[in-house]
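**Q** Take a look at this one; I'll ask things after.
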Amino acid sequence: CGFLRVQFYVLCCNNLKKMSSGAADLRQRKKQNCTESDKMAPEERNKENSKLGRSPKYMLIQRFAKLFFGCLAAVTSGMMYAVYLSTYHERKFWFSSRQELEREITFQGDSAIYYSFYKELLKAPSFERGVYELTHNNKTVSLKTINAVQQMTLYPELIASVLYQASGSEEVIEPVYFYIGIVFGLQGIYVTALFVTSWVMSGTWLAGMLTVAWFIINRTDTTRIDYSIPSRENWALPYFACQVAALTGYLKKNLNCSAEKFCYLLVSASTYTFMMMWEYSHYLLFVQAVSLFLLDSFSLAQTEKVHEVYKIYLFSLFLGYLLQFENSTLLVSPLLSLVAALMFSKCLQMNMKKGTFLSRLLKIMYIYLVLTITVTLNFLLKMFVPHKENEHLLKFIEVKLGLNTTKNFTMNWLLCQESLQAPSQDFFLRLTQSSLLPFYILVLIICLFSVTQVIFRRICGEPLKETVKLEDGRIGERPEIVYHVIHTILLGCLAMCLEGTKYLWTPYVCMLAAFGVCSPELWMTLFKWLRLKAVHPILLALILSMAVPTIIGFSLWKEFFPRIMTELSELQEFYDPDTVELMTWIKRQAPVAAVFAGSPQLMGVIKLCTGWMVSSLPLYNDDDLLKRNENIYQIYSKRSAEDIYKILTSYKANFLIIEDSICNEVGPVRGCRVKDLLDIANGHVVCEEGDSYAYSKYGRFCHEIKMNYSPYVNYFTRVYWNRSYFVYKINTVISFQS
29 CGFLRVQFYV
39 LCCNNLKKMS
49 SGAADLRQRK
59 KQNCTESDKM
69 APEERNKENS
79 KLGRSPKYML
89 IQRFAKLFFG
99 CLAAVTSGMM
109 YAVYLSTYHE
119 RKFWFSSRQE
129 LEREITFQGD
139 SAIYYSFYKE
149 LLKAPSFERG
159 VYELTHNNKT
169 VSLKTINAVQ
179 QMTLYPELIA
189 SVLYQASGSE
199 EVIEPVYFYI
209 GIVFGLQGIY
219 VTALFVTSWV
229 MSGTWLAGML
239 TVAWFIINRT
249 DTTRIDYSIP
259 SRENWALPYF
269 ACQVAALTGY
279 LKKNLNCSAE
289 KFCYLLVSAS
299 TYTFMMMWEY
309 SHYLLFVQAV
319 SLFLLDSFSL
329 AQTEKVHEVY
339 KIYLFSLFLG
349 YLLQFENSTL
359 LVSPLLSLVA
369 ALMFSKCLQM
379 NMKKGTFLSR
389 LLKIMYIYLV
399 LTITVTLNFL
409 LKMFVPHKEN
419 EHLLKFIEVK
429 LGLNTTKNFT
439 MNWLLCQESL
449 QAPSQDFFLR
459 LTQSSLLPFY
469 ILVLIICLFS
479 VTQVIFRRIC
489 GEPLKETVKL
499 EDGRIGERPE
509 IVYHVIHTIL
519 LGCLAMCLEG
529 TKYLWTPYVC
539 MLAAFGVCSP
549 ELWMTLFKWL
559 RLKAVHPILL
569 ALILSMAVPT
579 IIGFSLWKEF
589 FPRIMTELSE
599 LQEFYDPDTV
609 ELMTWIKRQA
619 PVAAVFAGSP
629 QLMGVIKLCT
639 GWMVSSLPLY
649 NDDDLLKRNE
659 NIYQIYSKRS
669 AEDIYKILTS
679 YKANFLIIED
689 SICNEVGPVR
699 GCRVKDLLDI
709 ANGHVVCEEG
719 DSYAYSKYGR
729 FCHEIKMNYS
739 PYVNYFTRVY
749 WNRSYFVYKI
759 NTVISFQS
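Next up, the structure:
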């Protein structure tokens, strides 16, 4: 019995030791995973260095030199691009030699509104008072008090005004130069982020240089900075590019712990900042979330990392909701519904990666489940959460897809906008002439076929390799590459439907194409399929990854560099004397309390240049403002003088401005002119034998009012005119004269 007790005691001690060691292993597993790559990478490098006869110190110096010169090239590229934009802007508008009024006229449409609020913030007695006046603004649109910070996303202007005053720049630089300088600086950061992304993916900063070259050459299709400097995307997209660069590094395999934490923090900060800068940012993040969802669904990335990004989305939405004055649009956004559905299905996904037939079947059901939950949750949120989401966007999509027809002026006017139509052939021709589109298609096809092979292997139960070597020729197993392939395809689909979204797609086309031609792995993947035997494939891949981008760079330099230098040397002239005269007259002759009515684009310029109150604004994210714009546009329709008078007085307007360019518009596409769209909406169009004719018992108001006969002179009195504008005072006491 004593012997048995001793044996039992020894057995219990052994079991306790095993359990304690197992618990210790579980506690240290995360630390081991985090430091595993740090331990393995030096050992592998030391083995290679010993074979090549290189010391670790030599390799450290080589890596530091590569990193230093790469960072120097990235920063230099961004600074050079910012200087290039500043020089081009000066040559185009002659900013330094113009008066303040002439400078402000260069801001057109919604850009004028954004900059006008920046001016108001600087004129306010204190920053707090300026913010209060913007959040309770009743001096911009007649009979309407708006929270301009929330409705127009004025956080860029808040930041710019704080920086201008805090840095003591009042005595050094003018406000307009400081404002556009920040925007140009952000564009430099944009280019630097694209440089870094291509560099991280390919391993050579030669890819970054090629990315920048393609970006600048195709500037017409990569950015809208030439047309509207203060637009929200010019402030927001640089932060999104930084987020994509950090996400690219975060998705990489065998990343050391410190680099992973840095990428995670950068993704968090840039995601939140991007969401605060642009009211449509959550739609672009939704496209990115779909890309990550597909990446994770096929088990091509670490699930933990992908779900950490989902948590960043949730945190950014929650923080944005609070700081954007409880913006309910974020609660009903498709991004929140998708992320909530993915987090809800996380437990199911963890149980499905077992390689069995049932798990493969459940994986298909998982995708269906996530999509179903997303649609259902978004529908329920829109039903129970009070929101002011743009309903006209849904109607626009229905009409755009041919699911519905409408005579509504606003819908048809949006459909006629060039940015909301399919891209023209000139767009593809420009990308082809710069050799960007052919190389992008080549890289995309190779990556797509490689990703398809990897997905097929995963379906068959074959695990992914921990480290993909050059000789493997499996570029589709790198999660960051797969993410960018899916992302560019989704953005490309948007760009094929709406030309305005090409500015989201084309920069990443430049990045992906440059990465592909500079990546030995991509060439090795191609040679693996071709089964080359005459030449060593690794050697040929290394040679082509250097030779092809060098040849492309020299050809681009020879063809496009002279054009860029000519563009910078030419002195262009932007001068609009009629508009200058109109603004001068308003500031000198119009009463301070006057309210002006006219086209929304002109009203934005009047608000910026004079500060007078207007009846409408060139903003399209508010249903009430859209209705106002449609009603004010009736001055170009075939309506009676009494009808127009009632419309204008309902908005307390004192002055009416008729633009000759709209009244006598000769558009390239018949049916897309403002007066044509108004005739359709008002039912003043008669169709006979395939031809349409405008018919009404009243003449076109903008023509008839110029004749100065009754009843028009009873309601309106002309007080100013020039070649482009006719200004009429709206009579408060109607005088009926023959």
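Throughout the sequence shown, residue numbering follows the working numbering, covering 29 to 766 in sequence.
Think of the CB as a built atom: it goes at the ideal place given N, C-alpha and C, for glycine as much as any other residue.
#1: Measure the Cβ-Cβ separation of W768 and W233 and say whether it is below 7 Å.
#2: Apart from the five residues just before and just after S124, which ones in its own chain have a Cβ nearer than 8 Å to its Cβ?
#3: On the DSSP bridge assignment, give the partners of F744 in chain order.
#4: Taking F145 as the reference, give the member of F455, E161 and S478 with the closest Cα.
#5: Determine the DSSP secondary structure at E202, reduced to helix, strand or coil.
#6: Looking at K666: is its Cβ nearer than 7 Å to the Cβ of S627?
#7: The alpha helix (DSSP H) spanning V510 covers which residue range?
#8: Taking the alpha carbon of L150 as the reference point, which residue from T115, Y207 and E130 has its own alpha carbon closest?
#9: Beta carbon of H564, beta carbon of L540: below 7 Å?
#10: Once the 5 residues before and after Y756 are set aside, which same chain residues still bring their CB inside 6 Å of it?
#11: Are S478 and G504 touching if we call contact CB-CB under 7 Å?
#12: Can you find the residues in the same chain that come closer than 7 Å, C-beta to C-beta, to K374, ignoring five residues on each side of it along the sequence?
#13: How far does the alpha helix (DSSP H) with F155 in it extend, from its first residue to its last?
#14: With 16 as the cutoff for other CB atoms within 10 Å, does A93 come out buried or exposed?
#15: Helix, strand or coil, according to DSSP, for L129 in the structure here?
#16: According to DSSP, simplified to helix, strand and coil, what is V702?
#17: Applying the 10 Å Cβ sphere with the 16-neighbour rule, what's the burial state of Q617?
#18: Tell me which residues share the same chain as N436 and place their Cβ nearer than 7 Å to its Cβ, disregarding the 5 neighbours each side in the sequence.
#19: In this structure, what does DSSP give as the bridge partners for M393?
#20: Taking DSSP as the reference, what is the three-state secondary structure of L149?
#21: Could you work out which residue in L238, Q445, Y267 and L322 is closest to W306 when comparing CA atoms only?
#22: How would you write the range of the beta strand (DSSP E) that F624 sits in, first residue to last?
#23: Considering Cα atoms alone, identify which of V318, T168, T553 and C270 is closest to Y300.
#24: Y531 and T251 look like a contact to me (Cβ under 8 Å); what is the Cβ gap, rounded to whole Å?
#25: Mind reading off the beta-carbon distance from A273 to A221? Whole number of angstroms is fine, and I expect it under 8 Å.
#26: Which residue from Q179, E288 and P535 puts its Cα closest to that of L459?
#27: By Cβ distance, which residues of its chain are closer than 8 Å to N736, with the 5 residues on each side in sequence left out?
#28: F683 bridges to which residues according to DSSP?
#29: Quick one: what's got a C-beta closer than 7 Å to Y748's C-beta in the same chain, skipping five residues either side?
#30: Please name the residue in Y341, Y396, A287 and L342 whose C-alpha comes closest to that of S325.
#31: Am I right that M631 and V642 are in contact with their C-beta atoms under 8 Å? What's the rounded C-beta distance?
#32: What residues are listed by DSSP as bridge partners for I174?
#33: Does the pairing of the stretch 426-441 with the stretch 467-475 give three or more beta-carbon distances under 8 Å?
#34: Who are the Cβ neighbours of V510 in its own chain at under 6 Å, not counting the five residues just before and after it?
#35: Considering Cα atoms alone, identify which of S170, Q600, R486 and L320 is closest to I660.
#36: Could you have a look at S65 and say whether DSSP puts it in helix, strand or coil?
**A** Well, looking at it:
#1: As displayed, the chain neither begins before 29 nor continues past 766, which places residue 768 out of reach and without an answer.
#2: Cβ within range, chain order: E118.
#3: For F744, the beta-bridge partners assigned by DSSP are I758.
#4: The residue with the shortest Cα to Cα distance from F145 is E161.
#5: DSSP, reduced to helix, strand and coil, places E202 outside both helices and strands of the structure shown, so it counts as coil.
#6: Result no, Cβ atoms of K666 and S627 do not sit closer than 7 Å.
#7: Residues P507 to C525.
#8: Ranking T115, Y207 and E130 by CA distance to the CA of L150 puts Y207 first.
#9: Their beta carbons are not under 7 Å apart, which means H564 does not touch L540 by this criterion.
#10: Correct list, in chain order: L684, F744 and R746.
#11: In contact: S478 and G504 (Cβ atoms closer than 7 Å).
#12: Excluding positions up to five away in sequence, the list reads H335.
#13: Annotation: the continuous alpha helix (DSSP H) that includes F155 extends over F155 to T163.
#14: Taking all protein chains in view, the Cβ of A93 is surrounded by fewer than 16 other Cβ atoms within 10 Å, so the residue is classified as exposed.
#15: Helix, per DSSP.
#16: Helix.
#17: Burial state of Q617 is exposed, judged by a 10 Å Cβ sphere holding fewer than 16 other Cβ atoms.
#18: When the five nearest sequence neighbours on each side are left out, the beta carbons in the same chain lying within less than 7 Å of the beta carbon of N436 are those of A709, in order along the chain.
#19: For M393, which the question treats as bridged, DSSP gives no partner whatsoever.
#20: Residue state, collapsed to three classes: helix.
#21: Closest option to W306, Cα to Cα, is Y267.
#22: That run of the beta strand (DSSP E) goes V623 to A625.
#23: Comparing alpha-carbon positions, the option among V318, T168, T553 and C270 lying closest to Y300 turns out to be C270.
#24: Y531 to T251, Cβ: 6 Å. Contact.
#25: About 5 Å separates the two Cβ atoms, so the contact holds.
#26: The shortest C-alpha separation from L459 is found at P535.
#27: When the five nearest sequence neighbours on each side are left out, the beta carbons in the same chain lying within less than 8 Å of the beta carbon of N736 are those of R746, in order along the chain.
#28: Bridge pairing for F683: F624 and K757 [DSSP].
#29: Within the same chain, Y748 has close Cβ partners W613 and V755.
#30: That would be Y396, whose Cα lies nearest to the Cα of S325.
#31: Contact between M631 and V642 holds: CB atoms are separated by about 4 Å, below the 8 Å threshold.
#32: I174 pairs with N165.
#33: Contact fails: fewer than three Cβ-Cβ distances are below 8 Å.
#34: Excluding residues within five positions, the ones whose Cβ falls inside 6 Å are L323, L328 and V479.
#35: When each option's Cα is compared against that of I660, the closest is S170.
#36: With a pLDDT of 46 at S65, under the threshold of 50, the predicted position of this residue should be treated as unreliable, though the coordinate-derived value follows. If DSSP states are grouped into helix, strand and coil, S65 belongs with the helices.
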